[in-house]
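Engineer:
Chains as they are written, first to last, in our numbering: chain A, 1 to 238; chain B, 1 to 238.
#1: Judging by CA-CA distance, which residue of A:53, A:151, A:196 and A:200 is the nearest neighbour of residue 299 (chain B)?
#2: Skipping 5 residues on each side, what residues in its chain have a beta carbon closer than 6 Å to that of residue 105 (chain A)?
#3: From residue 217 (chain B) to residue 10 (chain B), what does the alpha carbon distance come to, in whole angstroms?
#4: If you follow the alpha helix (DSSP H) that residue 188 (chain B) is in, where does it begin and where does it stop?
#5: Excluding five sequence neighbours on each side, which residues of the same chain lie with their C-beta closer than 8 Å to the C-beta of residue 115 (chain A)?
#6: Here's a check: name, in chain order, each residue in its chain whose Cβ is nearer than 7 Å to the Cβ of residue 71 (chain A), leaving out the five neighbours to either side.
#7: Report the start-end ranges of each beta strand (DSSP E) in the stretch 39 to 68 of chain A that is 3 residues or longer and not cut off at the edges.
#8: I'd like to confirm the pairing. Which residues does DSSP put opposite residue 5 (chain A) in its beta bridges?
#9: Taking the C-alpha atoms as reference points, what is the distance between residue 219 (chain A) and residue 23 (chain A)?
#10: Helix, strand or coil: which one does DSSP assign to residue 124 (chain A)?
#11: Helix or strand or just coil, what does DSSP make of residue 154 (chain A)?
#12: Where residue 210 (chain B) and residue 174 (chain B) are concerned, what is the direct C-alpha to C-alpha distance, given to the nearest angstrom?
#13: Can you pull out the residues from the stretch 57 to 79 of chain B whose beta carbon lies closer than 7 Å to at least one beta carbon of chain A?
#14: Does the stretch 34 to 54 of chain B come within contact of the stretch 75 to 82 of chain B, defined as at least 3 CB pairs closer than 8 Å?
#15: Would you check if the stretch 37 to 50 of chain A and the stretch 81 to 99 of chain A touch, i.e. whether three or more CB-CB distances between them fall below 8 Å?
#16: At which residues does the alpha helix (DSSP H) containing residue 99 (chain A) begin and terminate?
#17: Measuring CA to CA, which of B:149, B:198 and B:186 is closest to residue 232 (chain B)?
#18: Can you have a look at residue 101 (chain B) and say buried or exposed, based on whether 16 or more other CB atoms are within 10 angstroms of its CB?
#19: Note down the Cα distance separating residue 178 (chain B) from residue 36 (chain A), rounded to an integer number of angstroms.
#20: Between residue 266 (chain A) and chain B, is any beta-carbon pair separated by less than 8 Å?
#21: DSSP three-state call for residue 138 (chain A): helix, strand or coil?
#22: In chain A, which residues lie less than 8 Å from residue 198 (chain B) when you measure between Cβ atoms?
#23: Report the three-state DSSP secondary structure of residue 180 (chain A) (helix, strand or coil).
#24: Give a yes or no on whether 8 Å exceeds the smallest Cβ distance from residue 111 (chain B) to chain A.
#25: Kindly give me the distance between the Cβ atoms of residue 117 (chain A) and residue 135 (chain B), rounded to whole angstroms, as I take these residues to be in contact under 8 Å.
#26: Give the secondary structure of residue 166 (chain A) by DSSP, where H, G and I count as helix, E and B as strand, and everything else as coil.
#27: State yes or no: is the C-beta of residue 170 (chain A) within less than 8 Å of the C-beta of residue 69 (chain A)?
#28: Straight-line CA distance for residue 215 (chain B) to residue 83 (chain B)?
#29: Suppose contacts are defined by Cβ-Cβ distances below 8 Å. Is residue 235 (chain B) in contact with residue 183 (chain B) by that definition?
#30: Closest Cβ-Cβ distance between residue 147 (chain A) and chain B: below 8 Å?
#31: Looking at residue 181 (chain A): is its Cβ nearer than 8 Å to the Cβ of residue 148 (chain A)?
#32: Using a Cβ-Cβ cut-off of 8 Å, state whether residue 101 (chain A) counts as contacting chain B.
#33: Counting only Cβ pairs nearer than 8 Å, list the residues of chain B close to residue 120 (chain A).
#34: Helix, strand or coil: which one does DSSP assign to residue 232 (chain A)?
#35: Could you have a look at residue 75 (chain A) and say whether DSSP puts it in helix, strand or coil?
#36: Just the Cα atoms here: how many angstroms apart are residue 7 (chain A) and residue 46 (chain A)?
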């Protein structure tokens, strides 16, 4: 099965969570918006009146006649097909639940630099961002990390879900990567307290296909247009 | 099948989206946290080390041995069981995608009065809320309403998904109800431009079991502790 992934070509963003699953599985996929005329194709799927089920926003995945949007929804679809989700319904619901919690966490990362509006420049909301980022690094970041540490502890295994790697492990890896880029000081403090999460991150990074991807040109670097951004004044100063 | 719904007892909040589905289907369910010792039972499921798969936050649904959290995940589980979702995978993915878009919209409603942090009082972020709410009512609210208007138009039917009512229709009804409470001025302007969305809202309100629920004591009123809050200074003044 060939997959077409549609996402903004210059950032990791939400699309990266899908890319990691496709790359880890060695799936046959193409990044449409990085191809010639790819951006036009992406816009068409969002805007053309002939599209019966238009996505609200990228990323979305096209396979056969299906167009699937919302990152967690895409991963719930791909997981079983890529061997990155449990076989039973209970396990799949649990994996999806964790992925939706990661989605909430990621939205809070975004709002740490854009607390007033995603359509405004960061420079026009710097004062508010400083307050929001302080709340994020002192309250929300530890709360989410504690949660995933607890999930790993209670599962008593090397994975978040059951006894095998799932797309959720890959997504938690990506959260840690992004948080290290955006909040290096806050993370230095937090990592010591969340050894299981960090160990999981390290195991994911060492998966052969993923390790190859992470050093390839397909892996875009973090930058100041993505969801994870490094504004030193927003990082924990304590 | 008996369902136990766990959610904060004093607000509609995210739990209401689940309640509407259960009520519309005439399902056998109990609101655990409104029962004696119910809050303790809810805390136990979140905090006890014996719970292998702890929810990050309410709402969650217990049925048999399953505990399912994240509103959209609960609805994806309940939809087919309550006759409120399409039978085919493609339709289910589309319904879930729309529900996740509603979840994003709802989070933005919350942040319109809490742009700095959910753990802080609104009174400690009033200035920031005014800026964020202005962006919400002028940019985001029309964008989401336009999107759902377009989805209804392209589906060419009385429903968002296929040719039958789904949990997504109930959730869009709830969004309109809440937005009318929180932003009556902004909504007066917007409703004229989104006739299909409002007509859908009205049809949902007239569904017999839902109409009975909405006038019952089980339907909590909107209030200033929920996600939809009425702060007149945050409503559109244009």
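For each residue, glycine too, the CB sits at the ideal point set by N, CA and C.
Structural biologist: Taking the coordinates as given:
#1: No statement about residue 299 (chain B) is possible, as the shown extent of chain B runs from 1 to 238 and does not include it.
#2: 144
#3: 12 Å
#4: 184 to 193
#5: 125, 128, 129, 131 and 132
#6: Closer than 7 Å at Cβ, skipping near neighbours: 14, 17, 18, 59 and 103.
#7: Scanning the stretch 39 to 68 of chain A for uninterrupted beta strand (DSSP E) segments of 3 residues or longer gives 60 to 63, listed from N- to C-terminal end.
#8: DSSP lists A:31 and A:61 as partners of residue 5 (chain A).
#9: Whole-angstrom Cα-Cα distance: 10 Å.
#10: If DSSP states are grouped into helix, strand and coil, residue 124 (chain A) belongs with the helices.
#11: Correct three-state label for residue 154 (chain A): helix.
#12: 11 Å
#13: Those residues of the stretch 57 to 79 of chain B that come within reach of chain A (Cβ to Cβ, closer than 7 Å) are 66, 68, 69, 70, 72, 73 and 77.
#14: No: fewer than three Cβ pairs fall under 8 Å.
#15: No, because fewer than three Cβ pairs between the stretch 81 to 99 of chain A and the stretch 37 to 50 of chain A fall closer than 8 Å, the two stretches do not touch.
#16: Where residue 99 (chain A) is concerned, the enclosing alpha helix (DSSP H) stretches over 89 to 113.
#17: B:186
#18: So residue 101 (chain B) counts as buried.
#19: When rounded, the distance between both Cα atoms is 44 Å.
#20: Residue 266 (chain A) cannot be examined here, being either before or after the span of chain A that is shown, 1 to 238.
#21: helix
#22: Chain A residues near residue 198 (chain B): none, gap ~20 Å exceeds 8 Å.
#23: helix
#24: Interface residue, yes.
#25: That pair is a contact at about 4 Å.
#26: DSSP places residue 166 (chain A) in coil when its eight states are reduced to three.
#27: No, these two residues do not count as a Cβ contact at 8 Å.
#28: 23 Å
#29: yes
#30: yes
#31: Contact: no.
#32: yes
#33: 135
#34: helix
#35: helix
#36: 12 Å
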